[in-house]
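Residue numbers (full-length UniProt numbering), protein chains in the order written: chain A, 1 to 510; chain B, 1 to 510.
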């Protein structure tokens with residue numbers, strides 16, 4: 001038992017609920033739906049899911065697992081290996097689970113991150129039986145104070161029959177006050193969310209539920225998994241550079257000020273590197289209204305470039321996590337964490353005028369974007385919040401390296417093999433080669449802009465030839481349908497998007 | 001000059017601006033961008049665009065034309081034939097223009113209907129030089145009272161340098177008070193739209209601009225073009241029937257009440273027929289928060305089923321137009337017309353919890369929807385508001401007949417050849433065969449639901465075979481990429497999606 005237990009669980013009655021992970025997991029029965037905290041590896045329940053996986057190795061136990069977004073640690077892996085997952089939503093990022101999803105073992109429902117709790121609240125998907133929520137503390141009245149993410153935790157706890165809380169001593173009590181819990185009313189009684197600036201606080205600092213719903217409390221002491229981002233490289237630096245140049249031109253044209261507009265950046269190496277690229281830019285007083293706050297957010301604070309950041313989670317590298325969480329008071333009054341429904345709420349994305357920067361897995365010559373499916377069929381992670389943001393943003397930017405797998409895959413293809421974002425929702429496409437400004441362009445013009453600015457040889461010439469042949473057939477969005485997916489088919493059949501002849505030529509030249 | 005000119009133009013100074021269509025059109029110069037009233041054939045400028053087309057036949061004159069949505073009459077045709085259109089956005093529905101778009105002569109920018117004025121307001125597309133707005137009257141201060149649509153007229157008039165008004169005497173002055181003009185502030189100063197019920201009025205009844213911007217006024221007397229909807233048939237009745245049964249189940253499950261939720265219905269035969277199908281349903285006190293109000297809206301009023309309807313235009317059949325506009329006082333207090341930015345505003349679509357019913361050109365087995373491109377390449381009309389609504393709705397329904405061209409085209413295909421709505425945004429797919437409820441399903445489950453419920457033979461068996469082969473390859477969204485678009489290729493090559501052998505068998509059997 002920790003020294004400051006009375007600070008961590010402020011109701012003596014609730015302190016009687018402290019138990020082991022195994023005993024807590026016993027509240028979960030075969031066939032139940034679980035709502036668990038965790039968003040981009042931050043603030044996930046650390047021990048109860050593992051106890052659940054352990055049980056599933058010995059008895060029939062299959063559950064539906066809902067989270068905020070991706071989990072850290074081993075929860076998804078162990079639950080998958082134990083055969084405990086029958087259904088999973090709305091996002092994941094675990095290799096073992098990914099394989100089980102793609103083999104059809106686990107039914108994976110990839111959803112816009114703002115929408116899962118809308119479906120739950122309106123009874124349009126099966127209700128949450130048990131919520132498992134990581135917290136820094138529980139108040140006198142049973143309100144739950146989250147840790148490094150809010151995600152869907154608030155609505156899971158509110159909508160579940162029973163709530164299990166993991167009090168994680170590895171998160172400092174200093175996080176109290178970081179969160180802003182606002183839950184929209186059920187429709188048709190919904191009102192405007194009264195938020196007009198990224199720094200506005202419109203809710204409570206804890207998740208208020210009846211204390212009697214808390215059936216078990218488990219004490220843990222384990223930091224979050226850290227971010228798995230790769231360091232910036234020449235390509236990501238070039239992408240960042242192109243975007244900074246573009247923003248400068250927008251400022252020069254009077255469309256943006258040096259503050260830009262509130263920034264959203266997707267999870268991962270490229271979006272994080274792009275944000276880091278703003279450190280050496282002329283822009284000032286930046287703000288973020290995003291999902292995940294990564295290293296770059298705090299680098300921008302440290303560089304005096306950023307005024308305020310709103311997110312749904314904080315996910316940092318090991319080094320940055322040490323710096324930030326040991327000096328948290330330095331940042332706390334410039335931060336807020338919100339439910340992902342609110343961080344990604346269409347109303348707010350449109351109102352605030354967000355510049356949304358997300359990563360594309362591939363894009364096509366017309367600017368349709370695939371964010372999720374490798375070769376059109378195999379799930380990588382999920383759409384996440386990219387649709388919530390791109391669809392309603394002031395400016396929707398998608399970034400990708402122009403090639404993958406050492407040049408064997410072109411990220412710009414004739415036709416994407418899976419569409420997550422239609423061309424209507426893609427304003428800017430940027431690769432390390434350059435940036436295509438697609439605003440106000442018709443598809444044939446978009447194709448020119450993308451091929452000329454974003455693609456290197458030999459794919460550039462291949463796309464030029466494709467477009468010439470397609471244009472000869474005509475149409476608003478010309479295609480040679482029998483060849484539109486041939487690059488992907490080439491890759492599946494012989495490991496490269498290049499036709500065998502071109503690949504051989506290149507190999508000879510090299 | 002009409003008798004009641006002082007009622008129609010209430011400022012004597014502005015009455016001096018009355019001129020001919022030809023003289024008014026002279027304000028428009030080569031290379032300009034024109035913003036014109038008109039939404040789903042309603043409230044479009046009737047004579048100045050034709051005078052412009054006439055001029056373009058004799059002198060170099062190329063313009064960019066922005067409207068609300070589709071125009072009636074001959075404006076798009078004549079401007080196209082005169083070679084006057086270099087660029088057109090955000091929606092159209094004219095066969096001559098469509099051909100010029102698909103041949104690449106006219107650059108067509110297909111946009112979400114809520115977004116065009118956002119791009120204009122933020123300077124992200126070229127500004128409107130001259131607005132041409134149809135009105136029933138101009139007030140003492142120069143405020144413009146629109147006719148049967150609002151569309152983008154308000155923002156065009158506010159943002160343009162110069163405004164030409166067509167006063168159309170064929171629209172009764174009784175329309176005054178119908179409109180609710182609310183213009184969101186520029187970002188980052190945007191505030192919530194204070195609308196929480198479909199009947200709320202939050203703006204003014206006229207478009208307020210400085211009177212001196214009005215450079216010309218033309219008097220016309222010509223009714224709107226009427227709706228081109230086909231009458232309901234057995235298939236559309238079956239689609240409506242499936243949807244009514246689905247809604248009944250939702251009510252029985254406690255997810256909806258007999259009022260349902262505010263309804264949006266796309267333009268056209270199928271959506272109109274579906275709405276008409278609600279006349280013989282148990283639902284009451286219905287409301288609409290939609291773009292276009294069609295015959296079905298007024299049939300539902302007359303049947304005592306509908307309490308209130310909010311739209312951006314009124315587009316009726318010849319018979320219904322006669323009934324409604326000669327008895328307008330009967331309906332007026334249950335109607336409001338708003339700017340399309342507000343009728344389609346993401347904030348309001350999500351807040352109000354809209355049930356969005358739109359037509360699919362084709363859908364695939366995973367529930368991705370193509371709303372725009374025939375065989376993936378040729379533009380039909382445009383995405384219109386379907387994305388604004390589906391993306392943010394309480395429930396997104398897409399309806400289509402299961403086949404087209406006498407069975408030579410299956411509307412349900414292995415993979416859509418163009419994606420406007422990703423599977424994330426498609427909750428219900430309904431054909432005359434049946435309804436697939438896709439909520440909370442993973443892609444493999446979606447495929448089963450769609451194939452089993454929405455498709456008839458021989459396509460049903462063909463899709464079952466496709467899915468079986470695709471599943472054997474694996475993936476979250478299994479596909480045989482080299483065959484995914486083969487149905488479209490078959491159609492392009494021999495006029496049917498059926499393989500030659502199957503088509504021959506069917507012909508023999510018939």
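The C-beta atom is built at its ideal place from N, Cα and C for all residues, glycine as well.
*Out of 501/B, 135/B and 470/B, which has the shortest C-alpha to C-alpha gap to residue 5/B?*
By one-based count along the second chain, residue 5/B stands at place 5. Taking only the C-alpha atoms, the option nearest residue 5/B is 135/B.
*asked:* Within a Cβ cutoff of 6 Å, which residues of the same chain sit near residue 334/A, ignoring the five residues on either side of it in sequence?
replied: Taking the first residue of the first chain as 1, we reach residue 334/A at position 334. Excluding residues within five positions, the ones whose Cβ falls inside 6 Å are 308.
_Nearest by alpha-carbon distance to residue 116/A: which of 236/B, 123/B, 67/B and 424/B is it?_
The residue labelled residue 116/A in the question sits at position 116 within the first chain. Looking only at 236/B, 123/B, 67/B and 424/B, the smallest Cα-Cα distance to residue 116/A is reached by 424/B.
*Are the CB atoms of residue 255/A and residue 35/B nearer to each other than 9 Å?*
Here the question's residue 255/A lines up with position 255 in the first chain. Here the question's residue 35/B lines up with position 35 in the second chain. With respect to the 9 Å criterion, residue 255/A and residue 35/B are not classified as neighbours on the basis of their beta carbons.
*Name the one or two DSSP bridge partners that residue 508/A has.*
Walking along the first chain from the start, residue 508/A turns up at place 508. The partner list for residue 508/A (beta bridge, DSSP) is empty, contrary to what the question assumes.
*With C-beta atoms as the reference, is residue 63/A less than 9 Å away from residue 30/A?*
Here residue 63/A is taken as the residue at index 63 of the first chain, counted from 1. Here residue 30/A is taken as the residue at index 30 of the first chain, counted from 1. Yes, they are a contact pair.
*If we ignore side chains and look at the alpha-carbon of each, how far apart do residue 285/B and residue 305/B end up?*
Mapped onto the second chain, residue 285/B falls at position 285. Mapped onto the second chain, residue 305/B falls at position 305. So the alpha carbons of these two residues sit roughly 6 Å apart.
*Mind reading off the beta-carbon distance from residue 150/A to residue 352/A? Whole number of angstroms is fine, and I expect it under 8 Å.*
Numbered from 1 along the first chain, position 150 holds the residue referred to as residue 150/A. Numbered from 1 along the first chain, position 352 holds the residue referred to as residue 352/A. Actually they are not in contact, since the Cβ atoms of residue 150/A and residue 352/A sit about 18 Å apart, beyond 8 Å.
*Closest residue to residue 234/B among 191/B, 161/B, 415/B and 401/B (Cα-Cα distance)*: To locate residue 234/B, count along the second chain from 1; it is residue 234. Residue 401/B is the option with its Cα nearest to residue 234/B.
*Does the beta carbon of residue 522/B sit closer than 9 Å to a beta carbon anywhere in chain A?*
Since the first residue of chain B shown is 1 and the last is 510, residue 522/B is not available in this structure.
*asked:* Short of 6 Å in beta carbon distance, which residues of its chain neighbour residue 182/B, apart from the five on each side in sequence? Order them along the chain.
replied: As a working mapping, residue 182/B is identified with position 182 in the second chain. Only 202, 203 and 342 meet the Cβ criterion.
*Flag residue 425/B as yes if its beta-carbon sits less than 9 Å from any beta-carbon of chain A, otherwise no.*
Counting from 1 along the second chain, the entry for residue 425/B is found at position 425. Taking Cβ atoms only, chain A reaches closer than 9 Å to residue 425/B, which makes this a yes.
*When the distance is taken between beta carbons, is residue 357/B closer than 9 Å to residue 266/B?*
Taking the first residue of the second chain as position 1, residue 266/B is located at position 266. Taking the first residue of the second chain as position 1, residue 357/B is located at position 357. The answer is yes: Cβ separation under 9 Å.
*Jot down the residue ranges of each uninterrupted alpha helix (DSSP H) in the stretch 368-444 of chain B, minimum 4 residues, whole runs only, in chain order.*
Counting whole runs of 4 or more residues, the stretch 368-444 of chain B contains the alpha helix (DSSP H) stretches 386-390.
*Using only the heavy atoms of the ligand SAH, determine whether one of them is closer than 8 Å to the beta carbon of residue 84/B.*
As far as ligands go, the structure on display features none, and thus does not contain the ligand SAH.
_Bridge-paired residues (DSSP) for residue 87/B_ = Position 87 of the second chain, counted from the start, is the residue given in the question as residue 87/B. Beta-bridge pairing links residue 87/B to 64/B and 107/B.
*Does the beta-carbon distance from residue 383/B to residue 440/A come in below 9 Å?*
As a first step, residue 383/B is located in the second chain; it is residue number 383 there, counting from the start. As a first step, residue 440/A is located in the first chain; it is residue number 440 there, counting from the start. Not closer than 9 Å, so no.
*In whole angstroms, what is the alpha-carbon distance linking residue 381/B and residue 98/B?*
Position 381 of the second chain holds residue 381/B. Position 98 of the second chain holds residue 98/B. Residue 381/B and residue 98/B: Cα-Cα distance of roughly 7 Å.
*List the residues of chain B whose Cβ lies closer than 7 Å to the Cβ of residue 95/A, in chain order.*
Position 95 of the first chain, counting from 1, holds the residue named residue 95/A. The contacting residues do not exist; residue 95/A stays about 14 Å from chain B at best.
*Show which residues of chain B have a CB atom less than 9 Å away from the CB atom of residue 194/A.*
Stepping through the first chain from its first residue, residue 194/A is reached at position 194. Neighbours of residue 194/A across chain B, judged by C-beta separation under 9 Å: 192.
_residue 189/B burial status per 10 Å Cβ neighbour count (16 or more: buried)_ = Residue 189/B sits at position 189 when you count from the first residue of the second chain. Residue 189/B should be labelled exposed.
*Tell me which same chain residues have a C-beta within less than 6 Å of the C-beta of residue 444/A, skipping the five on either side of it?*
Against the first chain, residue 444/A aligns to sequence position 444. Contacts found: none.
*What are the boundary residues of the alpha helix (DSSP H) that includes residue 241/B?*
Residue 241/B sits at position 241 when you count from the first residue of the second chain. Start and end: 234-252.
*Using three-state DSSP, classify residue 328/B as helix, strand or coil.*
Taking the first residue of the second chain as 1, we reach residue 328/B at position 328. Residue 328/B falls in the coil class under three-state DSSP.
*From the DSSP output, read off the bridge partner residues of residue 166/A.*
Counting from one through the first chain, the residue named residue 166/A turns up at place 166. DSSP, once it has assigned bridges, lists 134/A and 218/A as partnering residue 166/A.
*Any C-beta of chain A under 9 Å from that of residue 420/B*: Translated into positions along the second chain, residue 420/B becomes position 420. By this cut-off, residue 420/B is an interface position.
*Throw me the rounded Cβ distance for the residue 360/A and residue 411/A pair, which I believe falls under 8 Å.*
Position 360 of the first chain, counted from the first residue, corresponds to residue 360/A. Position 411 of the first chain, counted from the first residue, corresponds to residue 411/A. Residue 411/A and residue 360/A do touch by the CB rule: their CB atoms are close to 7 Å apart, below 8 Å.
*Of all the beta strand (DSSP E) runs that stay within the bounds of the stretch 253-336 of chain B, which reach a length of 3 or more residues?*
Counting whole runs of 3 or more residues, the stretch 253-336 of chain B contains the beta strand (DSSP E) stretches 263-265, 286-289 and 306-311.
_Within chain C, the residues that residue 289/B reaches when beta carbons sit closer than 7 Å_ = The structure shown contains no chain C; its protein chains are A and B.
*Name the chain A residues whose beta carbon is nearer than 8 Å to that of residue 254/B?*
Translated into the one-based positions of the second chain, residue 254/B becomes position 254. Neighbours of residue 254/B on chain A, chain order: 123.
*Is the shortest distance between the beta-carbon of residue 306/B and the beta-carbons of chain A less than 9 Å?*
Numbered from 1 along the second chain, position 306 holds the residue referred to as residue 306/B. Not an interface residue.
*Going by C-alpha distance, which of 404/B, 434/B, 25/B and 484/B is nearest residue 165/B?*
The residue given as residue 165/B occupies position 165 in the second chain. Ranked by how close their Cα comes to the Cα of residue 165/B, the residues 404/B, 434/B, 25/B and 484/B have 25/B in first place.
_I'd like to know whether the C-beta of residue 473/A is nearer than 9 Å to at least one C-beta of chain B._
Residue 473/A sits at position 473 when you count from the first residue of the first chain. For residue 473/A, the answer is yes, since a Cβ of chain B falls inside 9 Å of its Cβ.
*Per DSSP, what kind of secondary structure is residue 452/B in: helix, strand or coil?*
Here the question's residue 452/B lines up with position 452 in the second chain. Correct three-state label for residue 452/B: helix.
_the stretch 110-140 of chain B: positions lying closer than 9 Å to chain A by Cβ_ = Against chain A - using a Cβ distance shorter than 9 Å - the residues of the stretch 110-140 of chain B are 110, 111, 112, 114, 115, 118, 119, 122, 123, 124, 125 and 126.
*With a cut-off of 8 Å on the beta carbons, I'd call residue 102/A and residue 378/A a contact; round off their distance for me.*
Mapped onto the first chain, residue 102/A falls at position 102. Mapped onto the first chain, residue 378/A falls at position 378. About 5 Å separates the beta carbon of residue 102/A from that of residue 378/A, a gap short enough to meet the 8 Å contact definition.
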